[in-house]
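> Chains as they are written, first to last, in my numbering: chain D, 161 to 381; chain V, 161 to 381.
There are 2 protein chains.
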Amino acid sequence: MQEVLAADFTVELLLATEAFHKENSRLTDRQRTPVEIATVAELVRAGTLESNNAAIAVVRTKENRPLVAEPGEIALVLDDIRDPGNLGTILRIADWYGVRKILCSDTTADVYNPKVISASKGSFTRVAWWYGDIQPVLKAAAGQADFAAYGAFLDGDDVHSLPFGRGGYLIMGNESNGIRPEVGQFVTKRVTIPRFGDAESLNVGIATAVLLDNWRRVLNQ
Amino acid sequence: MQEVLAADFTVELLLATEAFHKENSRLTDRQRTPVEIATVAELVRAGTLESNNAAIAVVRTKENRPLVAEPGEIALVLDDIRDPGNLGTILRIADWYGVRKILCSDTTADVYNPKVISASKGSFTRVAWWYGDIQPVLKAAAGQADFAAYGAFLDGDDVHSLPFGRGGYLIMGNESNGIRPEVGQFVTKRVTIPRFGDAESLNVGIATAVLLDNWRRVLNQ
Numbered sequence: 161m162q163e164v165l166a167a168d169f170t171v172e173l174l175l176a177t178e179a180f181h182k183e184n185s186r187l188t189d190r191q192r193t194p195v196e197i198a199t200v201a202e203l204v205r206a207g208t209l210e211s212n213n214a215a216i217a218v219v220r221t222k223e224n225r226p227l228v229a230e231p232g233e234i235a236l237v238l239d240d241i242r243d244p245g246n247l248g249t250i251l252r253i254a255d256w257y258g259v260r261k262i263l264c265s266d267t268t269a270d271v272y273n274p275k276v277i278s279a280s281k282g283s284f285t286r287v288a289w290w291y292g293d294i295q296p297v298l299k300a301a302a303g304q305a306d307f308a309a310y311g312a313f314l315d316g317d318d319v320h321s322l323p324f325g326r327g328g329y330l331i332m333g334n335e336s337n338g339i340r341p342e343v344g345q346f347v348t349k350r351v352t353i354p355r356f357g358d359a360e361s362l363n364v365g366i367a368t369a370v371l372l373d374n375w376r377r378v379l380n381q
Numbered sequence: 161m162q163e164v165l166a167a168d169f170t171v172e173l174l175l176a177t178e179a180f181h182k183e184n185s186r187l188t189d190r191q192r193t194p195v196e197i198a199t200v201a202e203l204v205r206a207g208t209l210e211s212n213n214a215a216i217a218v219v220r221t222k223e224n225r226p227l228v229a230e231p232g233e234i235a236l237v238l239d240d241i242r243d244p245g246n247l248g249t250i251l252r253i254a255d256w257y258g259v260r261k262i263l264c265s266d267t268t269a270d271v272y273n274p275k276v277i278s279a280s281k282g283s284f285t286r287v288a289w290w291y292g293d294i295q296p297v298l299k300a301a302a303g304q305a306d307f308a309a310y311g312a313f314l315d316g317d318d319v320h321s322l323p324f325g326r327g328g329y330l331i332m333g334n335e336s337n338g339i340r341p342e343v344g345q346f347v348t349k350r351v352t353i354p355r356f357g358d359a360e361s362l363n364v365g366i367a368t369a370v371l372l373d374n375w376r377r378v379l380n381q
């Protein structure tokens, strides 16, 4: 909750216990957050998460501002990631690997879904997202110099030996169907995590982490 | 389900639709599996998974045989992994990275939990597990030549530049508390996934995948 108060959310109302309010008045005073004091029982009743026992913030949803990868920056593109748990996990992974921009197709799970917020473990306060039609966005980006879009496929280049570029987009596709062809057409490099055993695939969150880990390792060398 | 029939489980009874039985009689005949024909409605009522619409197998739980990493082999040690979803995901990751042996502390989630089976996406048929007190097992292994145990900590050596050895144990700890000291004493190398952003930690399944990916990459070079 401290992460929400410290982030760039507009908090319309903070429902908090007396104790939480006292401990965090520095944060709420600075932002002139409207606060109402509540009991733990009231918070548990009002919330949707399992363990709301200190405070609940009512925040204004953010403006849906377009995001692009600046030169040398890695941005994530999610093409139809449907599972809220996967999306939350991906926010956390992006936050770990210093990826600050996530472009989501209209059909990707809603970031304000409580399961996404919960799985993100606070990382939703540190990454920016945009929802919309990703095809024209990638089309416009593809016209720029140094455009690079890495797409996760099962038949791409081995990421263990790939010379990843300085920045660009990492595109992750739907849990069952992968990247749609209309989005895949903008992929400049198909990439694959090498397999050493027999599982058919990796979960999309796991794959996102392994790909970002390989990318960051190459940049860091 | 075909993966279960093809694996080394003793199937005590297979409840299957007429259609499934016809398609897979080669597998069931070979193993002399007792089969009972059921309707889809009966299968859905009898099962605990969401989409049991073709067959349900009643399998004998496996004998709890000790497992050790042979020279040049990677084995996984799970010290108190409580979440069934995490355990299932870890089975799938182990299967992807060709890790065939998983040593679980007594307090690790039960592999026969339906959530584990479901999250493993069939990989539970291709990895072996053992449950018990992992401390004496590691103590005995530590007496062998070339013993190596890599433990995931937040303050270990950077896995992007670590010269992983040919084989050994990868120890992953509890979701909240990490590796217990009594297990950690056998770790020969503390390892860490480098962080480039601000998330406090990675999920234990994600961390397992990234560590195995780094280990396999080094061995493959």
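Glycine residues also receive a C-beta, built at the ideal position from the N, C-alpha and C atoms.
(1) Give a yes or no on whether 7 Å exceeds the smallest Cβ distance from D:V364 to chain V.
(2) Compare the beta carbon distance of V:A312 and V:M332 with 7 Å and say whether it is the shorter of the two.
(3) Cα separation between D:K281 and D:G248?
(4) Residues of chain V with CB closer than 9 Å to the CB of D:G258, please, in chain order.
(5) Spell out whether any CB of chain V is found under 7 Å from the CB atom of D:A369.
(6) Is the beta carbon of V:T368 closer than 7 Å to that of V:I253?
(7) Between V:N213 and V:V200, which are expected to be in contact by the criterion C-beta below 8 Å, what is the C-beta distance as a whole number of angstroms?
(8) For D:R347, does the three-state DSSP call read helix, strand or coil?
(9) Excluding the 5 residues flanking D:L322 on each side, which residues of the same chain have their C-beta closer than 8 Å to its C-beta?
(10) Taking one C-beta from the region 216 to 233 of chain V and one from the region 332 to 342 of chain V each time, how about it: are there three or more such pairs within less than 8 Å?
(11) Can you say whether V:A176 is buried or exposed, counting buried as having 16 or more other CB atoms within 10 angstroms of its CB?
(12) Cβ closer than 9 Å: which chain D residues qualify as neighbours of V:R376?
(13) Give me the chain V residues within the contact set of D:T249, using Cβ-Cβ distance strictly less than 8 Å, ordered along the chain.
(14) Residue range of the alpha helix (DSSP H) that D:S361 falls in?
(15) Which two residues bound the contiguous beta strand (DSSP E) that contains V:G333?
(16) Using a Cβ-Cβ cutoff of 7 Å, what residues of the region 200 to 232 of chain V are near chain D? List them in chain order.
(17) Using only the alpha-carbon positions, how far apart do D:A301 and D:R220 sit?
(18) Any chance the region 273 to 287 of chain D sits against the region 351 to 364 of chain V, with 3 or more Cβ pairs inside 8 Å?
(19) For a contact meaning CB atoms closer than 8 Å, what does V:I262 contact in chain D?
(20) Compare the C-alpha of D:V171 against each of D:R186, D:I197 and D:I216 and name the closest.
(21) Counting contacts by CB-CB distance shorter than 7 Å, is D:R286 in contact with chain V?
(22) Could you please give the first and the last residue of the uninterrupted alpha helix (DSSP H) stretch that includes V:L298?
(23) Would you report the Cα separation of V:P354 and D:R376, rounded to the nearest angstrom?
(24) Using the Cα positions of D:V271 and D:D239, report the straight-line distance between them to the nearest angstrom.
(25) Given V:L165, which residues of its chain have a CB within under 8 Å of its CB, disregarding the five upstream and five downstream residues?
(26) Within the same chain, show all residues whose beta-carbon is closer than 6 Å to that of V:Y310, passing over the 5 residues directly before and after it, in chain order.
(27) Using a Cβ-Cβ cut-off of 8 Å (strictly less than) and excluding sequence neighbours within five positions of D:F169, which residues of its own chain qualify?
(28) Are D:V195 and D:H181 close, meaning C-beta to C-beta below 7 Å?
(29) Which partner residues of D:G338 appear in the DSSP bridge assignment?
(30) Just to confirm before moving on: does the CB-CB distance between D:Q274 and D:T208 stay below 7 Å?
(31) Under DSSP, the alpha helix (DSSP H) around D:E183 begins and ends at which residues?
In short:
(1) Indexing the first sequence from 1 puts residue 364 of chain D at position 204. So no, D:V364 is outside the interface.
(2) The residue labelled residue 312 of chain V in the question sits at position 152 within the second sequence. The residue labelled residue 332 of chain V in the question sits at position 172 within the second sequence. Yes, the Cβ-Cβ distance between V:A312 and V:M332 is below 7 Å.
(3) In the first sequence, the residue the question calls residue 281 of chain D occupies position 121. In the first sequence, the residue the question calls residue 248 of chain D occupies position 88. Roughly 8 Å between the two C-alpha positions.
(4) For this step, residue 258 of chain D is matched to residue 98 along the first sequence. Those are R355, F356, G357 and D358, listed as they occur along chain V.
(5) Your numbering for residue 369 of chain D matches position 209 in the first sequence. By this cut-off, D:A369 is an interface position.
(6) Taking the first residue of the second sequence as position 1, residue 253 of chain V is located at position 93. Taking the first residue of the second sequence as position 1, residue 368 of chain V is located at position 208. Yes, these two residues count as a Cβ contact at 7 Å.
(7) Taking the second sequence and counting its residues from 1, one reaches residue 213 of chain V at position 53. Taking the second sequence and counting its residues from 1, one reaches residue 200 of chain V at position 40. That pair is a contact at about 5 Å.
(8) Walking along the first sequence from the start, residue 347 of chain D turns up at place 187. It should be pointed out that residue 347 of chain D corresponds to Val in this sequence rather than to Arg. Reduced to three states, the DSSP call for D:V347 is coil.
(9) Residue mapping note: residue 322 of chain D aligns to position 162 of the first sequence, counting from 1. Taken in chain order, the residues that qualify are K349, V351, N374 and V378.
(10) no
(11) Here residue 176 of chain V refers to the residue found at position 16 of the second sequence. With 16 or more Cβ atoms within 10 Å of its Cβ, V:A176 is classed as buried.
(12) Reading the second sequence from its first residue, position 216 is the one you call residue 376 of chain V. H320, P354 and F356, listed in chain order.
(13) For the purposes of this step, residue 249 of chain D is taken as the residue at position 89 of the first sequence. Residues of chain V passing the Cβ test: N363 and I366.
(14) Translated into positions along the first sequence, residue 361 of chain D becomes position 201. No alpha helix (DSSP H) contains D:S361, which DSSP labels as neither H nor E.
(15) In the second sequence, the residue the question calls residue 333 of chain V occupies position 173. It spans G328 to G333 - the beta strand (DSSP E) in which V:G333 sits, taken as one unbroken run.
(16) none
(17) Residue numbering aside, residue 301 of chain D sits at position 141 when the first sequence is read from its first letter. Residue numbering aside, residue 220 of chain D sits at position 60 when the first sequence is read from its first letter. Near 30 Å, if we compare the C-alpha coordinates of D:R220 and D:A301.
(18) yes
(19) Taking the first residue of the second sequence as 1, we reach residue 262 of chain V at position 102. Within 8 Å Cβ-Cβ: nothing; V:I262 doesn't reach chain D, min ~13 Å.
(20) Residue mapping note: residue 171 of chain D aligns to position 11 of the first sequence, counting from 1. Nearest C-alpha to D:V171: D:I216.
(21) Position 126 of the first sequence, counting from 1, holds the residue named residue 286 of chain D. Answer yes: the Cβ-Cβ gap between D:R286 and chain V drops below 7 Å somewhere.
(22) Position 138 of the second sequence, counted from the start, is the residue given in the question as residue 298 of chain V. V:L298 -> alpha helix (DSSP H) spans I294 to A302.
(23) By 1-based counting over the second sequence, the position of residue 354 of chain V is 194. By 1-based counting over the first sequence, the position of residue 376 of chain D is 216. If I take the Cα positions, the gap works out to 9 Å.
(24) Taking the first residue of the first sequence as position 1, residue 271 of chain D is located at position 111. Taking the first residue of the first sequence as position 1, residue 239 of chain D is located at position 79. Cα to Cα, the separation comes out at about 14 Å.
(25) For the purposes of this step, residue 165 of chain V is identified with residue 5 of the second sequence, where counting begins at 1. Excluding residues within five positions, the ones whose Cβ falls inside 8 Å are V171, L174, N184, L187, T188, Q191, T193 and A217.
(26) Along the second sequence, one-based indexing puts residue 310 of chain V at 150. Excluding positions up to five away in sequence, the list reads L330, K349 and V351.
(27) Against the first sequence, residue 169 of chain D aligns to sequence position 9. A distance below 8 Å between beta-carbons, with the five flanking residues on each side excluded, links D:F169 to the following residues of its chain, in chain order: A217, V219, R220, K222 and T285.
(28) Translated into positions along the first sequence, residue 195 of chain D becomes position 35. Translated into positions along the first sequence, residue 181 of chain D becomes position 21. Contact flag set, yes.
(29) Translated into positions along the first sequence, residue 338 of chain D becomes position 178. When beta bridges are read from the DSSP output, D:G338 appears opposite D:N334.
(30) Here residue 274 of chain D refers to the residue found at position 114 of the first sequence. Here residue 208 of chain D refers to the residue found at position 48 of the first sequence. Sequence check: residue 274 of chain D is Pro here, not Gln. For D:P274 and D:T208, yes; Cβs fall inside 7 Å.
(31) Within the first sequence, numbered from 1, the residue matching residue 183 of chain D stands at position 23. Here the alpha helix (DSSP H) through D:E183 covers E178 to E183.
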